[in-house]
Amino acid sequence: MNVRSVRGTHDILPGSVELWQEIEEKTRLLFRRYGYGEIRTPVLEETNLFCRSLGLETDIVQKEMYTIPARRGRDISLRPEGTAPVVRSYLENHLNRGSGLTKLYYVGPMFRRERPQKGRYRQFHQIGAEVLGSDHPGIEAEVMEMLHVLLDDLGVRGVRLLVNSVGCPSCRPAYVRILQERLLAESDLCADCRKRSRRNPLRVLDCKQASCSPVIDNLPSILDHLCRECRDHFRRFREFLDLIGVSYSVTPRLVRGLDYYVRTTFEMVTDRLGPTQNALLGGGRYDGLSELLEGPPAQGFGFGLGLERLVLLLSRNDQLAAGYRSPRPEIFFAYLNEDSLEKAFTLARDLRREGIFAYLDFGGRSLRAQMRLANRLGSRFVCVIGDDEIRTGLYSIKRMADGTQTRLQQGRISRHVRSA
Ligand code: HAM
Numbered sequence: 002m003n004v005r006s007v008r009g010t011h012d013i014l015p016g017s018v019e020l021w022q023e024i025e026e027k028t029r030l031l032f033r034r035y036g037y038g039e040i041r042t043p044v045l046e047e048t049n050l051f052c053r054s055l056g057l058e059t060d061i062v063q064k065e066m067y068t069i070p071a072r073r074g075r076d077i078s079l080r081p082e083g084t085a086p087v088v089r090s091y092l093e094n095h096l097n098r099g100s101g102l103t104k105l106y107y108v109g110p111m112f113r114r115e116r117p118q119k120g121r122y123r124q125f126h127q128i129g130a131e132v133l134g135s136d137h138p139g140i141e142a143e144v145m146e147m148l149h150v151l152l153d154d155l156g157v158r159g160v161r162l163l164v165n166s167v168g169c170p171s172c173r174p175a176y177v178r179i180l181q182e183r184l185l186a187e188s189d190l191c192a193d194c195r196k197r198s199r200r201n202p203l204r205v206l207d208c209k210q211a212s213c214s215p216v217i218d219n220l221p222s223i224l225d226h227l228c229r230e231c232r233d234h235f236r237r238f239r240e241f242l243d244l245i246g247v248s249y250s251v252t253p254r255l256v257r258g259l260d261y262y263v264r265t266t267f268e269m270v271t272d273r274l275g276p277t278q279n280a281l282l283g284g285g286r287y288d289g290l291s292e293l294l295e296g297p298p299a300q301g302f303g304f305g306l307g308l309e310r311l312v313l314l315l316s317r318n319d320q321l322a323a324g325y326r327s328p329r330p331e332i333f334f335a336y337l338n339e340d341s342l343e344k345a346f347t348l349a350r351d352l353r354r355e356g357i358f359a360y361l362d363f364g365g366r367s368l369r370a371q372m373r374l375a376n377r378l379g380s381r382f383v384c385v386i387g388d389d390e391i392r393t394g395l396y397s398i399k400r401m402a403d404g405t406q407t408r409l410q411q412g413r414i415s416r417h418v419r420s421a
């Protein structure tokens, strides 16, 4: 076949999807306990939303968005991330009307035109959560705690938390000027970083090129240039982490690839995803984003977790992966001809209404082939419908584990299947 899935996209097939479902179910249960409500924003947004929110000089806006040029009106893009759409929706739908915090979470596909490799795709999925309405570092620690519980529940081990502060509009510009001066004097930077040095020096800090590392390691640290408020905020955040016993490493290079961040940024990383895609999740504070979108001031904090990366980690975890196989039919109806198919059809329907997984084959197979199929599927019971059964209204139900047969009226089948 020469029609294939688009490069960088993947089918999630039965047999694999169950792990996704379990992750999503656990996430939903847990996030509800922390007061989050689910939000589903469209996959398409105005391109402008991302240009304004993420920043014109970011990799995502420069080269990774899937944009559909407008015939009339404005260009639209497939969302590359979830924070900007959530804040857009928060403003548009006045979700701040009640007092207190607005806590929202989402699960869904995002799109970035990146070079695909293991752990990096063009369509990928994120679980994300955003809290709007507080600039308190305590809420940041609460999010860290929630993430720890989630990863613990799922059995993810060996993830490290990196934290940093990227300052605020009152202290960051002075640091960026110092950084720029230093960078412009450097000759050993990659071509991208030379460009970044002129247009957005902070981006140099998260360059992944090995050749840039020696230069970056010797650059001044942003943490030495924070204003008092940012310093206090960062200290309080770490005190809360200590309070709840979450360990972390302070990582001054962690500026993240999006321009909306202020103050706290963080990532959870693992060595088990390979050297370049080591981030399982990342996030931070974005207090000015609402104003960038012409809304009233609204502080925000959140994270995005890459579901494919989480699944990669868990799939190696044999204990979880081993549990998955396609569901076994509780009862398989085999039939001899079109008349008995009709009876089997209605019997299966009635049992399904009672919550039983009843299987019916439409492959035109002989009775023997149907029995083989029932075996292959691991069906627990088999019921063969022939003229006799239709005439007498008594059905013989065979328990596959030991071959015992029981003749029952229709109304007794479900209890029998259940009780076995
Ligand atoms: P991000 O770091 O760009 O942040 O993405 C978050 C996570 O999504 C990454 O840590 C990674 O696991 C996953 N991810 C990103 N790109 C790809 C890709 N091409 N293929 C597979 N997985 C990928 C954000 O998106 C922010 N919106 C997070 C946030 C929420 N900040 C505040 N609130």
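Numbering of the sequence shown is given in the numbering used here, commencing with residue 2 and proceeding in unit increments. Even for Gly, the Cβ is constructed at its ideal location relative to N, Cα and C.
How would you call K119, buried or exposed, if buried means at least 16 neighbouring beta carbons within 10 angstroms?
Result: exposed.
Which residues in the same chain have their Cβ closer than 8 Å to the Cβ of R183, if we skip the five residues on either side of it in sequence?
The residues are L220 and P221.
Quick one: residues in its chain with C-beta nearer than 8 Å to the C-beta of R8, no 5 flanking neighbours on either side, listed in chain order?
Excluding positions up to five away in sequence, the list reads P117 and R123.
Using the C-alpha atoms, what's the distance from A280 back to Q210?
So the alpha carbons of these two residues sit roughly 16 Å apart.
What separation, rounded to the nearest whole angstrom, lies between the Cα atoms of V164 and I140?
Going from the Cα of V164 to the Cα of I140 covers about 15 Å.
Which of the three DSSP states, helix, strand or coil, is assigned to G229?
Here residue 229 is Arg; the residue named in the question, Gly, does not match the sequence. It is helical.
Compute the minimum distance between the beta carbon of E309 and the heavy atoms of the ligand FAD, and state whether it is under 6 Å.
No copy of the ligand FAD appears in this structure; the ligands present are the ligand HAM.
Along the alpha helix (DSSP H) that carries I217, what are the first and last residues, could you check?
Where I217 is concerned, the enclosing alpha helix (DSSP H) stretches over S214 to D218.
Kindly identify the DSSP beta-bridge partner or partners of M269.
Partner(s): L162 and L282.
Run the proximity test for G284: is its beta-carbon closer than 6 Å to any non-hydrogen atom belonging to the ligand HAM?
Yes, since a heavy atom of the ligand HAM falls inside the 6 Å radius drawn around the Cβ of G284.
Would A383 and F333 qualify as a contact pair, given that the criterion is a beta-carbon distance under 7 Å?
Sequence check: residue 383 is Val here, not Ala. Against a cut-off of 7 Å, the Cβ pair of F333 and V383 comes out as a contact.
Can you list, in chain order, the stretches of the beta strand (DSSP E) that have 3 or more residues and sit fully within the stretch 76-109?
Listed in chain order, the complete beta strand (DSSP E) runs (minimum 3 residues) inside the stretch 76-109 are 77-79.
Taking buried to mean at least 16 other C-beta atoms within 10 Å of its own C-beta, is S188 buried or exposed?
It is exposed - the Cβ of S188 has fewer than 16 other Cβ atoms within 10 Å.
Quick one: using the 10 Å Cβ neighbour count with 16 as the cut-off for buried, is V18 buried or exposed?
Exposed, since its Cβ has fewer than 16 Cβ neighbours within 10 Å.
With a threshold of 6 Å on Cβ separation, who are the neighbours of L282 within its own chain once the five nearest residues in sequence on each side are excluded?
Result list for L282: M269, F304 and L306, in chain order.
Looking at the strands, I want to know which residues DSSP matches up with A130.
Answer is Y106 and F304.
Is R121 helix, strand or coil by DSSP?
Correct three-state label for R121: strand.
Quick one: what's got a C-beta closer than 7 Å to P297's C-beta in the same chain, skipping five residues either side?
So the list reads S291, once near-sequence residues are dropped.
Of all the options I245, Q127 and C194, which has the alpha carbon lying nearest to the alpha carbon of E58?
Nearest of I245, Q127 and C194 to E58, Cα basis: C194.
Return the CA-CA distance between I398 and P15, expressed in angstroms with no decimal places.
Roughly 29 Å between the two C-alpha positions.
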